Amino acid sequence: MGDWNSVEDVLDYAILREQEAADFYTGLAANAEHQHMKSIFEGFAREEESHKKRLQSIKNKGLFGKPRKAVKDLKIGDYLVADQSTDTTNYQDALILAMQKEKAAYRLYSDLANLAEDESMRNVFQRLAQDEAKHKLRFEVEYDDNILTEN
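Just so you know, we're using numbering that gives the first Met the number 0 here: the sequence shown kicks off at 0 and counts up by one.
Shown next as structure tokens:
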């Protein structure tokens, strides 16, 4: 993807990332070895779908202000995570990839919050960033409890 030239481009990018996250968690849930993690992955998939709908609503209603800085200064590579197939991913790798994806989403929404001129938009992006931070923490706790203690 090249430079973002408009707020709509940024929202389209974020919407696409949310759909990819929902699909990722749905795939992890389908292949989860632990029932409690299957439920967690399914819940995260629903949350990512909710984020996508919120962003689509913002875009459709035009509820955004002009960014304070040029959006094209964001480095897209900073938000990308290498894709891996969810049907061949073991539990440890799934948790690591999930943490990476949540960290990338957190950074994206934090940067968008910093760029937002409109306070309500800044608040939306800050809430989305915090949701992603909570997801990452949940996976870190799961990793600590079930992977680090096994070694």
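We put the beta carbon where it would ideally sit given N, CA and C, even for glycine. Just so we're clear, the structure is a prediction, and the values are computed from it rather than from any experiment.
Neighbour-count burial assignment, residue i, 16 or more Cβ in a 10 Å radius
i, result
"residue 57", "buried"
"residue 130", "buried"
"residue 17", "buried"
"residue 39", "buried"
"residue 54", "buried"
"residue 114", "buried"
When the options are compared against residue i, the one with the closest alpha-carbon
i, options, result
"residue 46", "148, 95 and 23", "23"
"residue 96", "12, 130 and 141", "141"
"residue 31", "49, 121 and 91", "91"
"residue 104", "33, 125, 36 and 38", "125"
"residue 143", "132, 98, 110 and 50", "98"
"residue 9", "120, 145 and 132", "120"
"residue 146", "33, 7, 123 and 52", "33"
Anticipated Cβ contact below 8 Å, residue i with residue j, distance rounded
i, j, result
"residue 101", "residue 135", "4 Å"
"residue 41", "residue 28", "5 Å"
"residue 170", "residue 107", "No statement about residue 170 is possible, as the shown extent of the chain runs from 0 to 150 and does not include it."
"residue 127", "residue 50", "6 Å"
"residue 25", "residue 44", "5 Å"
Host alpha helix (DSSP H) of residue i (start-end)
i, result
"residue 144", "118 to 145"
"residue 148", "From DSSP, residue 148 is part of no alpha helix (DSSP H); its letter is neither H nor E."
"residue 89", "Where residue 89 is concerned, there is no enclosing alpha helix (DSSP H), given that its DSSP letter is neither H nor E."
"residue 61", "First-last for residue 61: undefined, no H or E at that position."
"residue 29", "6 to 30"
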